[in-house]
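To start, the structure under review is shown below, and the notes come after it.
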Amino acid sequence: MAARVLVLNTGSSSIKYELVDVRTRERPARGLVERIGEDDGRLTHHAGLERPAFERRGRFATHAEGLASMLEAFAAAGPDLRADPPVGVGHRVVHGGTRFREPVLVDDAVIAAIEELAPLAPLHNPVNLTGIRVARDAFPGVPQVAVFDTAFHRTLPPEAYTYAVPREWAERLGVRRFGFHGTSCAYVARRAAALLDRDLEELNLIVLHLGNGASATALAAGRSVDTSMGLTPLEGLVMGTRSGDTDPALSGYLARVAGLDAEKSEDALDRHGGLLALAGSGDMRTVRRRAAGGDADARLALDVYTRRIRKYVGAYYAVLGRVDAIVFTGGVGEHDAATRAEALSGLDRLGITIDPARNEASSTEERAVSAPASDVAVLVIPTDEEWEIASQTLSLIE
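Quick note, the sequence shown lines up with residues 22 to 419 if you use my numbering.
Encoded structure:
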């Protein structure tokens, strides 16, 4: 019996969607709305074909406009979701705080709670809510399920999630490390175990999810024990538009010397930092092209980006004591061989060696790119957050 779930992964500047039949493993349709808010926005909708069955180019001013175009694409190119609605809609929600440790059925109270958590993920929770509201209006009576990125990191030990800050901040305001990209980590960790033909419970992994958002996560026996993103998705690695780690006193300094209030400095670090600040673009492909053309700022941006990854790999190696595999995933992690090579360069003494030919070979499959003699496997595993969200959605509905 078919069990089609519509998955909405509403990101900071994009909407990735897919119709997934969890029982038959068929995927009747998928699509992407990208570069929301920019003039060169694009929607591509696939309905079981290699070539897009529906395309639209132009400006999508808001996520609501992008979602409306998605529904139009389904109506025009199929499958017609209004005639044959999905059994459920699964939504990726970035921040669940300490309240949401598992997927939940969406109701008004859940929406209010997600909204209250928006200050902790200002680029994501508000647009996640837009997706939920549009889907509720489009499919009345169809169960909506929120799947939280933070839930996977509920296994963090106190010494990993506790900040050395006044106790009142933690107890009254909930200041602590939460971690993100949990849905992606859960999926690729299981796939890494399958690729290595070992039980997940016996593996220590470092997962590097590198996309417009980027994070590193240390897994001991398949459980998250440390992760680079913190109270919000701003901490950690350098990202497309996010700075990652900076001096905690930076906002205070900017307030004193430049008159920037906390809101403006946080917005700058969230939306105008990272590769965008260093190289003039938050898109790794553009930064690579500029660096290849001799742009010194782009080259520096790449060096800062990959050095930060290498720093976290070394730190998490020390936390875990033994590493069985390093997993690259996300748009950059899956497709940018140069980033993988540069991020792990000089780590031969730790038993981490990439094979250049394997690494540079064009492939979209799960694969090892480490040298045969490398003590630590280096894997490239395309993430499938949509499948993970669809599976969790159906499980909860049933």
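We treat Cβ as the ideally placed atom computed from N, Cα and C, and that holds for glycine.
These numbers come from a predicted model, not from an experiment.
Cα-Cα separation, L341 to A239: Within the sequence shown, residue 341 is the residue found at index 320, counting from 1. Within the sequence shown, residue 239 is the residue found at index 218, counting from 1. Each residue's alpha carbon lies about 7 Å from the other.
Have a look at H202 and D170 and give me their C-alpha separation to the nearest angstrom. Reading the sequence shown from its first residue, position 181 is the one you call residue 202. Reading the sequence shown from its first residue, position 149 is the one you call residue 170. In a straight line, the C-alpha of H202 is about 5 Å away from that of D170.
Reduced DSSP secondary structure (H/G/I, E/B, other) of F169: Residue numbering aside, residue 169 sits at position 148 when the sequence shown is read from its first letter. Three-state result, F169: strand.
Output the residue ranges of the alpha helix (DSSP H) runs that lie fully inside the region 256 to 322 and measure 4 residues or longer, sorted by chain position. As for any alpha helix (DSSP H) of minimum length 4 sitting wholly inside the region 256 to 322, the runs are 271 to 279, 283 to 292, 295 to 300 and 305 to 313, ordered along the chain.
Which word fits D357, buried or exposed, when buried means at least 16 other C-beta atoms lie within 10 angstroms of its C-beta? In the sequence shown, residue 357 corresponds to position 336, counting from 1. Burial is judged here by how many other beta carbons sit within 10 angstroms of a residue's own beta carbon; D357 has at least 16 and is buried.
Cβ pair L420, P124 closer than 8 Å: Because the chain in this structure spans residues 22 to 419, residue 420 falls outside the shown range and cannot be described.
So, for A74: in the same chain, excluding its five sequence neighbours on each side, which residues have a beta-carbon less than 7 Å away from its beta-carbon? Position 53 of the sequence shown holds residue 74. Here the set comprises H66, H67, A68 and A98.
Suppose only complete runs of 4+ residues qualify. What are the alpha helix (DSSP H) ranges in the region 72 to 103, listed by chain order? Whole alpha helix (DSSP H) segments, 4+ residues: 84 to 98.
Between which two residues does the beta strand (DSSP E) carrying R113 extend? To locate residue 113, count along the sequence shown from 1; it is residue 92. Annotation for R113: the continuous beta strand (DSSP E) segment containing it runs G109 to V114.
Could you tell me whether the Cβ atoms of D226 and G200 are closer together than 8 Å? As a working note, residue 226 is residue 205 in the sequence shown. As a working note, residue 200 is residue 179 in the sequence shown. As written in the sequence, residue 226 is Leu, which differs from the Asp given in the question. For L226 and G200, no; Cβs fall outside 8 Å.
Tell me whether the region 403 to 415 and the region 38 to 48 touch, counting them as touching only if at least three CB pairs, one residue from each stretch, are closer than 8 Å. The region 403 to 415 vs the region 38 to 48: in contact.
Once DSSP output is grouped into helix, strand and coil, what is the label at G52? Mapped onto the sequence shown, residue 52 falls at position 31. For G52, the three-state secondary structure derived from DSSP is strand.
When the Cα atoms are used, what is the spatial distance from R212 to I402? In the sequence shown, residue 212 corresponds to position 191, counting from 1. In the sequence shown, residue 402 corresponds to position 381, counting from 1. The straight-line gap from Cα to Cα measures roughly 7 Å.
Report buried or exposed for L64, applying the criterion of at least 16 other Cβ atoms within 10 angstroms of its Cβ. Taking the sequence shown and counting its residues from 1, one reaches residue 64 at position 43. It counts as buried.
Kindly give me the distance between the Cβ atoms of G52 and A94, rounded to whole angstroms, as I take these residues to be in contact under 8 Å. Position 31 of the sequence shown, counted from the first residue, corresponds to residue 52. Position 73 of the sequence shown, counted from the first residue, corresponds to residue 94. Distance from G52 to A94 at the Cβ level is roughly 6 Å; contact confirmed, criterion being Cβ atoms closer than 8 Å.
My output table needs one value for R46: the three-state DSSP class, helix, strand or coil. Taking the first residue of the sequence shown as position 1, residue 46 is located at position 25. The answer is coil: DSSP assigns R46 none of H, G, I, E or B.
Distance between L365 and R320 (C-alpha atoms, nearest Å): For the purposes of this step, residue 320 is taken as the residue at position 299 of the sequence shown. For the purposes of this step, residue 365 is taken as the residue at position 344 of the sequence shown. Approximately 17 Å, taken between the alpha carbons.
Report yes if the C-beta of G118 is less than 7 Å from at least one heavy atom of the ligand ADP; otherwise report no. As presented, the structure is devoid of all ligands, the ligand ADP included, so that no description of it is given.
In terms of residue numbering, what span does the alpha helix (DSSP H) encompassing S412 cover? Residue 412 sits at position 391 when you count from the first residue of the sequence shown. Where S412 is concerned, the enclosing alpha helix (DSSP H) starts and stops at E406 to I418.
Can you pull the DSSP bridge partners for D247? Locating residue 247 in the sequence shown gives position 226, counting from the first residue. The partner list for D247 (beta bridge, DSSP) reads A239.
Per DSSP, F7 forms a beta bridge with which residues? The structure shown does not extend to residue 7, since the chain spans only 22 to 419, so no value can be given for it.
In the DSSP assignment, find the unbroken beta strand (DSSP E) run with L194 in it and report its ends. Numbered from its first residue, the sequence shown carries residue 194 at position 173. For L194, there is no enclosing beta strand (DSSP E); the enclosing alpha helix (DSSP H) covers residues R188 to L194.
In this structure, does DSSP put L400 in helix, strand or coil? For the purposes of this step, residue 400 is identified with residue 379 of the sequence shown, where counting begins at 1. For L400, the three-state secondary structure derived from DSSP is strand.
Ends of the beta strand (DSSP E) at T350? Counting from one through the sequence shown, the residue named residue 350 turns up at place 329. First-last of the beta strand (DSSP E) with T350: A346 to T350.
Excluding five sequence neighbours on each side, which residues of the same chain lie with their C-beta closer than 7 Å to the C-beta of T119? The count along the sequence shown starts at 1 and reaches residue 119 at position 98. Close CB contacts of T119 within its chain, under the 7 Å cut and outside five residues either way in sequence, are with G195 (chain order).
Just to confirm before moving on: does the CB-CB distance between L88 and T151 stay below 8 Å? Looking up residue 88 in the sequence shown gives position 67. Looking up residue 151 in the sequence shown gives position 130. L88 is a Cβ neighbour of T151, given a cutoff of 8 Å.
Burial state of T253 (16 or more Cβ within 10 Å): The residue you call residue 253 lines up with position 232 of the sequence shown. T253 counts as buried, since no fewer than 16 other beta carbons sit within 10 angstroms of its beta carbon.
Do I174 and S245 have their CB atoms nearer than 8 Å? Indexing the sequence shown from 1 puts residue 174 at position 153. Indexing the sequence shown from 1 puts residue 245 at position 224. In the sequence under discussion, the amino acid at residue 174 is His, which differs from the Ile named in the question. Yes, these two residues count as a Cβ contact at 8 Å.
Under a three-way DSSP split, which group does S391 fall into? Residue numbering aside, residue 391 sits at position 370 when the sequence shown is read from its first letter. Here S391 sits in strand by DSSP.
Buried versus exposed, by CB contacts within 10 Å (16 or more), A313: If you number the sequence shown from 1, residue 313 lands on position 292. A residue is called buried once 16 or more other Cβ atoms fall within 10 Å of its Cβ, and A313, having fewer, is exposed.
Buried or exposed: which applies to R309, given that a residue is buried once 16 or more other Cβ atoms fall within 10 Å of its Cβ? Translated into the one-based positions of the sequence shown, residue 309 becomes position 288. Buried is the label assigned to R309, since at least 16 other Cβ atoms lie within 10 Å of its Cβ.
State whether the region 180 to 187 contacts the region 124 to 138, with contact taken as three or more CB pairs (one from each stretch) at a distance under 8 Å. Judged by Cβ distances under 8 Å, the region 180 to 187 makes no contact with the region 124 to 138, as fewer than three pairs qualify.
Top-ranked residue by Cα proximity to L221, from D345, Y333 and E39: As a working note, residue 221 is residue 200 in the sequence shown. Looking at the Cα atoms, D345 is the closest of the given residues.
On a Cα-Cα basis, can you pick out the residue from T414, G261, D218 and Q165 that is closest to L231? One-based indexing of the sequence shown puts residue 231 at position 210. Its Cα nearest to that of L231, the residue G261 stands out among T414, G261, D218 and Q165.
Using C-beta distances below 8 Å, list every residue in its chain close to A185, excluding the 5 sequence neighbours before and after it, in chain order. As a working note, residue 185 is residue 164 in the sequence shown. If we look at A185 and ignore the five residues flanking it on each side, it has no Cβ neighbours.
Let me know if D291 comes out buried or exposed under the rule of 16 or more other beta-carbons within 10 Å of its beta-carbon. Indexing the sequence shown from 1 puts residue 291 at position 270. Its Cβ being crowded by 16 or more others within 10 Å, D291 is buried.
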